[in-house]
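Since the structure comes first, as structure tokens, the remarks are kept for the end.
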Amino acid sequence: MFRKLSVLFGLTETEIKVLFFLAATFILGFCYKTFFQENDDREAKFYDYSKEDSLFFAAGNDPEQLDDENQEDISVDYKQEVLDFNESNFNAENTKETPAEKSINLNSASIEQLTLLTGIGRVTAERIIEIRNRREKFNSLNELLEVKGIGETKFQNIIKYLYIE
19 MFRKLSVLFG LTETEIKVLF FLAATFILGF CYKTFFQEND DREAKFYDYS
69 KEDSLFFAAG NDPEQLDDEN QEDISVDYKQ EVLDFNESNF NAENTKETPA
119 EKSINLNSAS IEQLTLLTGI GRVTAERIIE IRNRREKFNS LNELLEVKGI
169 GETKFQNIIK YLYIE
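Quick look at the structure:
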């Protein structure tokens, strides 16, 4: 029987069996739901929240009805807190010192010197040193493009600070 159907529909016998299983499961589920499950003819309940809404809105407009915790939130000066994040409040300690042009020898630079470069963190500096140690030295600045984390843009930003000796 399955072979005739598989030839007729162009499906394998396994695919025909799966389709029969799915169809039988669907039919059994439909019959169970139709004949054995209770009908849900209950009406949806509707609640009147107008009293709670009016209390909520009344409390929002009258500060005396609010509890102490909410009072503390209201007394915070948000404008002053936002102004505390302007650029003049940042110390020079938080910013990186940019090195002078052509001041870092790529073949002898330490991790600390490399991290002074814009966009170079500790991990990228370690990768640079790892490749330098593997090759014994860099022959060209373009070899930095082989370091994971250094693309063309970052390379163009840091090349002016580097030289090879």
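For the sequence shown, the residue numbers in the numbering used here are 19 to 183. For each residue, glycine too, the CB sits at the ideal point set by N, CA and C. Since this is a predicted model, take the numbers as computed values, not measurements.
Rounded separation between residue i and residue j - CA only
i: S158; j: I182; result: 7 Å
i: S128; j: F156; result: 14 Å
i: F27; j: F38; result: 13 Å
i: M19; j: L46; result: 22 Å
i: A143; j: L29; result: 59 Å
i: K22; j: I34; result: 10 Å
i: F173; j: L40; result: 59 Å
i: G167; j: E161; result: 13 Å
i: N175; j: N151; result: 23 Å
i: E31; j: S24; result: 6 Å
i: F74; j: F64; result: 20 Å
i: E154; j: S126; result: 11 Å
i: T43; j: Y50; result: 10 Å
i: T77; j: S68; result: According to the sequence displayed, residue 77 carries Ala and not Thr. Roughly 14 Å separates the two Cα atoms.
i: R140; j: E70; result: 57 Å
i: F48; j: V36; result: 18 Å
i: D66; j: S72; result: 12 Å
i: S121; j: I138; result: 16 Å
Limits of the alpha helix (DSSP H) - the one that residue i falls within
i: G47; result: E31 to F53
i: S24; result: F20 to F27
i: D142; result: The sequence given here has Thr at residue 142, not Asp. Note, T142: alpha helix (DSSP H), R140 to R153.
i: N175; result: E170 to I176
i: T133; result: I129 to T133
C-beta atoms of residue i and residue j nearer than 7 Å
i: L132; j: I146; result: yes
i: L124; j: L180; result: yes
i: E115; j: L134; result: yes
i: E119; j: K178; result: yes
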